[in-house]
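Take a look at the structure below.
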RNA sequence: GCGCCCGUAGCUCAGUUGGAUAGAGCGUCAGACUUCGAAUCUGAAGGUCGGGGGUUCGAUUCCCUCCGGGCGCACCA
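In this note's numbering, the protein residues as written are 509 to 1074.
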């Protein structure tokens, strides 16, 4: 009876649309009308249009060869008695507007409380294994502000998917090979020589950031003999040694900042050892060849990606014998990612969107279903301070570091702010606003609502109010319209999380939480929770507890803390 | 030139895969603390959803076109 995202506790379905859809399907069957695979429900803007509305009657009008309103009437006539439904109205061209029964809502609130932390979770994923790769900044410098955005999005997505019954592994890829590595190594050498007082100039493609100056000086201070010995090595070994040192230091720094941010990666994959030295690109090329997608031309090895929707064919091995970045990436994806998971999600920057078709083509050629590979673009961040852009010049090596961001606005405000936008739309991040601890900063608004709830329970305890188990409380006392609105809001939470998981859109959670806080604050302001009327007080305490519980759950999905006091 | 993303209130952005009279926060203006946390609350003003066509019962949403932004078009990574 129950669908995949239907949560049943104590025999009561808490997935409202699932419940309503079941009733409508029963009615359609009884009325001998064709039943669609899915009945779509929406939450109407206008309260007069009910709590849930569906347009099935309109969509069925054509196949049933009857006017929509007649179809609607037939559905209503055959609708089984369902406790959740108070009444159904037919409106407009044929909408079915459903009004939930207050008594059922009261019981639903009890179920929410009894479900506790499990409320909002589901088995949508049925244990399907996902791998998400994100941040994966080049090991040529510290993490910057866009990396913080990608970390927020990727980590929240992982948490959301896990809550829906997916197994999720987070992966970080270290590009410690190729030309960037060479540039880093030679920059490091120059900085080291400069630290020794030698005259050395940074080459054209070098990394100019101050951090390499610091790194060279630290190295020299820590291990002067080792530093001099490294410089005395032959060119190849010298660059390898210095480059490795720089990479290790950079990665360690990136890792530390990500940990402070609350982002945990299950696997750190190194291009040089885990992918190139392991021969993954060659093995992937062999598979592509066997599948007939490889040809040679002009001294190079080509992948026929145009056969799978790309604009042009792509080189995998250059005429100088070197593998391209693309070839390495194919090996990494096919073996390093897909080896032990069912689905892969990449988070990439906007400068890589042209890269997606060829990567998808390669995965398809290697036999991965289209739906198993997803690429999300995380757009750029513009940094403002009181509305004024903060200058960032990559050329001069001046960035706003992720570390500095965390220091200035804190982890919670940073994460929440990044998650109040769709990941693929550019974001303006105003440092002053994120630091301001007031209503124009949504994270404080939501956290404050949570703190108010916990504070309320502290006060109740001080007043000697004994809170019995929720199954003994009469929630039928919650008769105020605001109370019904809050319960209905809470009822939307499981489907909202499932939707965010399906669409890979963590920002939906952030918006939901703001809205929930936005109906809770006015209620709390206008009505006393702890009154002389003890049964009413307990019912209201339960409502507040449920709000707090859902806020805590949602904030947890975003990786933002739910403080007990602020 | 080709491809992708975007254009919604003064600002920053949502809009539930096509729904009913267009949404929030900030900002502006006018108000509310003897009571559970004023980091809060109440109210007002604010719109040709970039323009124009099309698809249909119905379009901010889908298609075409134009205008205006961003990005990508390597034997770079």
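By construction, the Cβ of each residue, glycine as well, lies at the ideal position given by its N, Cα and C atoms.
Checklist entry - Three or more beta-carbon pairs under 8 Å between the segment 1050-1066 and the segment 974-990, yes or no? => result Output reads yes: the segment 974-990 touches the segment 1050-1066.
Next on the checklist: Which complete alpha helix (DSSP H) runs does the segment 724-799 hold, if anything under 4 residues is left out?
Outcome noted: 732-740, 743-768, 788-798
Next on the checklist: Bridge partners for residue 678 per DSSP, in chain order?
Outcome noted: Answer is 640.
Next on the checklist: Below 8 Å, how does it come out for the segment 1019-1032 and the segment 543-559: are there three or more Cβ pairs, yes or no?
Outcome noted: no
Checklist entry - Distance, Cα to Cα, residue 1055 vs residue 666? => result 24 Å
Next on the checklist: For residue 738, count the other beta carbons within 10 Å of its own beta carbon; 16 or more makes it buried, fewer makes it exposed. Which is it?
Outcome noted: buried
Item to check | Close-in-space but distant-in-sequence residues of the same chain around residue 605 (CB under 6 Å, 5 per side omitted) | outcome: 557, 558, 561, 597, 599
Item to check | DSSP-derived helix/strand/coil call for residue 1062 | outcome: helix
Next on the checklist: So within the segment 882-956, which uninterrupted alpha helix (DSSP H) runs reach at least 4 residues, ignoring any that extend past its ends?
Outcome noted: 910-917, 919-926, 939-943
Item to check | Where residue 803 falls, given that 16 or more other Cβ within 10 Å makes a residue buried | outcome: exposed
Next on the checklist: Going by C-alpha to C-alpha distance, which of 535, 595, 1009, 1041 sits closest to residue 1066?
Outcome noted: 1009
Item to check | Chain-order list of residues whose beta-carbon lies under 6 Å from that of residue 926 (same chain, five-residue window excluded) | outcome: 657, 660
Item to check | residue 949 versus 575, 920, 915, residue with shortest Cα-Cα distance | outcome: 920
Next on the checklist: If contact is defined by three or more beta carbon pairs under 8 Å, each pair taking one atom from either stretch, is the segment 612-632 in contact with the segment 989-1007?
Outcome noted: yes
Checklist entry - Among the residues of its own chain, which have a CB less than 7 Å from the CB of residue 782, if the five just before and after it don't count? => result Leaving aside the five residues that flank residue 782 on each side, the residues in its chain whose CB is nearer than 7 Å to its CB run, in chain order, 844.
Checklist entry - How would you call residue 711, buried or exposed, if buried means at least 16 neighbouring beta carbons within 10 angstroms? => result The Cβ neighbour count for residue 711, taken over all protein chains shown within 10 Å, is under 16; the residue is labelled exposed.
Item to check | Which listed residue (896, 983, 878, 859) has its alpha carbon closest to that of residue 887 | outcome: 859
Checklist entry - Where do the ends of the alpha helix (DSSP H) carrying residue 663 lie? => result First-last of the alpha helix (DSSP H) with residue 663: 653-671.
Item to check | Straight-line Cα distance separating residue 1004 from residue 822 | outcome: 41 Å
Checklist entry - DSSP on residue 550, reduced to helix/strand/coil? => result strand
Next on the checklist: Short of 6 Å in beta carbon distance, which residues of its chain neighbour residue 703, apart from the five on each side in sequence? Order them along the chain.
Outcome noted: 724, 725, 728
Checklist entry - Under three-state DSSP, which class holds residue 960? => result If DSSP states are grouped into helix, strand and coil, residue 960 belongs with the helices.
Checklist entry - How far does the alpha helix (DSSP H) with residue 1006 in it reach, from first residue to last? => result 1001-1011
Checklist entry - Would DSSP call residue 823 helix, strand or coil? => result strand
Item to check | Beta-carbon separation (whole angstroms), residue 893 vs residue 939, contact threshold 8 Å | outcome: 5 Å
Checklist entry - What number of angstroms, rounded off, separates the C-alpha of residue 683 from the C-alpha of residue 719? => result 19 Å
Next on the checklist: Does the segment 828-843 come into contact with the segment 624-638, if we say contact requires no fewer than three beta-carbon pairs (one atom in each stretch) closer than 8 Å?
Outcome noted: Contact between the segment 828-843 and the segment 624-638 is absent, because fewer than three Cβ pairs lie under 8 Å.
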